[in-house]
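Numbers given in my numbering equal positions in the sequence shown, counted from 1, plus 1441. Don't be surprised by glycine CBs; every beta carbon is placed ideally from N, CA and C. Quantities reported herein were computed from a predicted structural model and do not represent experimental measurements.
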Amino acid sequence: MRAPQYSKDPQSIFKSEFIYNPFPILDSLRKNSPISSIGNSGFHLISSFELIQEVLDREADFSANLKGVLYRSHDGNPDCFDLSETGALDVIATADGANHARHKKVLANAFTTKSVMQYETYIRKITDKEIQKIKVNGGSCIATIEKIPAMVISKLIGLPNTEYDDFMRWIMIGGSILAGEISSEGLHYLAVETEKMSGYLLEKFDLLQNPNFKDQSLLSVLRDAFENGVISQEEAIGIAIILFGAGGESTSALMGSSIYHLATKSEIQNELRKNNELIVPFIEEVIRMSPPFRFHYRHVNSDCFLGGYPLVSGEKLLLSWDSANRDENQFDNPNEFSLKREKPKNHMGFGRGAHFCIGATLARLEVKIFIETLLESFDQFKLKNEPCYLNSIFVRRFTSLEIE
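Take a look at the structure:
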């Protein structure tokens, strides 16, 4: 017997009600059908902390390789957009086993706490400047929360500070193919911009053949790994592209969610103003309750069982961080925003296990500095109007967010 359907309406996952507030449906699924089918798409939604952990532990059965994504077909129903024939290389987040470990080892030293903290002064400087633009823009936060992560990740990668318009565009299109809405025009735009980004990064990468141009940047780290035969040139550029997108869009999304929770929870905002040490658990609670990425994909390598239900080779899984982070078997009062959790980092908002986000330390630092500066720059603030989310099943990001 196959897993039950996640909803009587297979199109529910694409509707604004679900995108804005998926939690009632996820709560019900987690308790009653922690593995459920999404229409006839070949995708299954995994909603319990326990089952998601099992999937992550069974890498031989469930691959991180991105072979296909869920999208709304021409008739409105969920379907699989096949990526297996695109020739795209699986690196870092979408690599498995030895390849994933090899890629991660190349970057490991660049993302230690010591390495990340070297950028603290730079992050504070640009945050001080950019956060003032919220006032200039009448309380609109979007330009600021998009630009700061773009400036930080481009600095880390080793790119000049003169082309942020391109950087921000490339960073924010990273999740486009995962949003669930794919058109021929959109795919063409994505292909053109990805080619531009690849060409740009390759040009900078080639300049590093001259050792005089090398520094501590991630692109220099990747160049050294390439020259030492650890990774290929294609892998190096692929890793840079992944870091560009994931390091920018997810941090921007987290900043937006942090503003939202502060603006809608005056008592929490007051607590942080009185004691800024609470900013750290606040960030973890934002990540738990509003993870930047709602889920990640896994590919079923061979026929197997999960949660008592059969899965067929080639099918796909959506590991719902949204749901796992509110699992009542893992968290007391999971739908309550609390600064007093015993283990505040015990969530899946940055993934889990081998694929835990390599940039988590950097993201936490950026958001911590952002919140500190925001609270110093503004008196008590609230939402100016109802914010709007990006129409995406994958990333939780605002397209409008204003405070007063």
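Within 10 Å of its beta-carbon, does Gly1616 have 16 or more other beta-carbons around it, so buried, or fewer, so exposed? The sequence position of residue 1616 within the sequence shown is 175, counting from 1. Answer is buried; the Cβ neighbour count reaches 16.
State the Cα-Cα distance for the pair Glu1561 and Ser1743, rounded to the nearest angstrom. Here the question's residue 1561 lines up with position 120 in the sequence shown. Here the question's residue 1743 lines up with position 302 in the sequence shown. Answer to the nearest angstrom: the Cα atoms are 46 Å apart.
With DSSP as the reference, identify every bridge partner of Glu1843, one or two as the case may be. Mapped onto the sequence shown, residue 1843 falls at position 402. Its beta-bridge partners are Ser1581.
Return helix, strand or coil for Lys1757, following the three-state DSSP convention. Mapped onto the sequence shown, residue 1757 falls at position 316. In the structure shown, Lys1757 sits in a strand (DSSP, three-state: E or B).
To the nearest angstrom, report how far apart Gln1573 and Ser1818 are at their CA atoms. To locate residue 1573, count along the sequence shown from 1; it is residue 132. To locate residue 1818, count along the sequence shown from 1; it is residue 377. Rounded to the nearest angstrom, the two C-alpha atoms are 8 Å apart.
For Glu1675, which residues of its own chain have a beta-carbon under 8 Å away from its beta-carbon, when the five flanking residues on both sides are left out? For the purposes of this step, residue 1675 is taken as residue 234 along the sequence shown, with counting starting at 1. Excluding residues within five positions, the ones whose Cβ falls inside 8 Å are Leu1530.
Would you say Glu1712 and Leu1719 are within 8 Å of each other, going by their C-beta atoms? Residue numbering aside, residue 1712 sits at position 271 when the sequence shown is read from its first letter. Residue numbering aside, residue 1719 sits at position 278 when the sequence shown is read from its first letter. Yes, these two residues count as a Cβ contact at 8 Å.
If I follow the unbroken beta strand (DSSP E) through Ser1478, where does it start and stop? The sequence position of residue 1478 within the sequence shown is 37, counting from 1. 1476-1478 is the extent of the beta strand (DSSP E) around Ser1478.
Beta-carbon contacts of Ile1623 that lie in its chain and below 6 Å, excluding the five residues immediately before and after: As a working mapping, residue 1623 is identified with position 182 in the sequence shown. Cβ within range, chain order: Tyr1512, Phe1522.
If you draw a straight line from the alpha carbon of Tyr1630 to that of Phe1772, how long is it in whole angstroms? Taking the sequence shown and counting its residues from 1, one reaches residue 1630 at position 189. Taking the sequence shown and counting its residues from 1, one reaches residue 1772 at position 331. Cα to Cα, the separation comes out at about 42 Å.
Tell me the residue span of the beta strand (DSSP E) that contains Asp1656. One-based indexing of the sequence shown puts residue 1656 at position 215. Unbroken run through Asp1656: none, as it is neither H nor E.
Just to confirm before moving on: does the CB-CB distance between Ala1704 and Ile1810 stay below 8 Å? The count along the sequence shown starts at 1 and reaches residue 1704 at position 263. The count along the sequence shown starts at 1 and reaches residue 1810 at position 369. Not closer than 8 Å, so no.
Evaluate Gln1710 with the Cβ neighbour count: other Cβ atoms within 10 Å of its Cβ, from every protein chain shown; 16 or more gives buried, anything less gives exposed. Translated into positions along the sequence shown, residue 1710 becomes position 269. Buried is the call here.
Kindly identify the DSSP beta-bridge partner or partners of Tyr1750. For the purposes of this step, residue 1750 is taken as the residue at position 309 of the sequence shown. Leu1747, per the DSSP bridge assignment.
Euclidean distance between Cα positions of Ala1620 and Leu1816: Locating residue 1620 in the sequence shown gives position 179, counting from the first residue. Locating residue 1816 in the sequence shown gives position 375, counting from the first residue. Distance between the alpha carbons of Ala1620 and Leu1816: 32 Å.
Can you give me the start and stop residues for the alpha helix (DSSP H) that Phe1464 sits inside? As a first step, residue 1464 is located in the sequence shown; it is residue number 23 there, counting from the start. Unbroken alpha helix (DSSP H) run through Phe1464: 1464-1473.
Between which two residues does the beta strand (DSSP E) holding Phe1736 run? As a working note, residue 1736 is residue 295 in the sequence shown. Looking at the DSSP string, the run of the beta strand (DSSP E) that includes Phe1736 is 1736-1741.
Determine which residues share a DSSP beta bridge with Pro1792 and list them. Within the sequence shown, the letter at position 351 stands for residue 1792. With the sequence shown as reference, residue 1792 is identified as Gly, and Pro is not the correct amino acid for it. DSSP, once it has assigned bridges, lists Gly1790 as partnering Gly1792.
Alpha-carbon spacing of Val1741 relative to Leu1597, whole angstroms: As a first step, residue 1741 is located in the sequence shown; it is residue number 300 there, counting from the start. As a first step, residue 1597 is located in the sequence shown; it is residue number 156 there, counting from the start. One C-alpha to the other measures close to 35 Å.
Would you tell me roughly how many angstroms separate the C-alpha atoms of Ser1698 and Leu1760, rounded to the nearest one? The residue labelled residue 1698 in the question sits at position 257 within the sequence shown. The residue labelled residue 1760 in the question sits at position 319 within the sequence shown. Straight-line Cα distance between these residues: approximately 21 Å.
Might you give, ordered along the chain, the residues of its own chain that have their beta carbon closer than 7 Å to the beta carbon of Lys1825, omitting 5 neighbours on each side? Mapped onto the sequence shown, residue 1825 falls at position 384. These residues qualify, in order along the chain: Gly1580, Glu1843, Ile1844, Glu1845.
How is the beta strand (DSSP E) around His1485 delimited, first residue to last? As a working mapping, residue 1485 is identified with position 44 in the sequence shown. His1485 -> beta strand (DSSP E) spans 1484-1487.
Suppose the cutoff is 7 Å on Cβ atoms and the five residues either side in sequence are ignored; what does the same chain contact list for Arg1471 look like? One-based indexing of the sequence shown puts residue 1471 at position 30. Same-chain partners within the cutoff: Ser1488, Ser1489, Ser1764, Asp1768.
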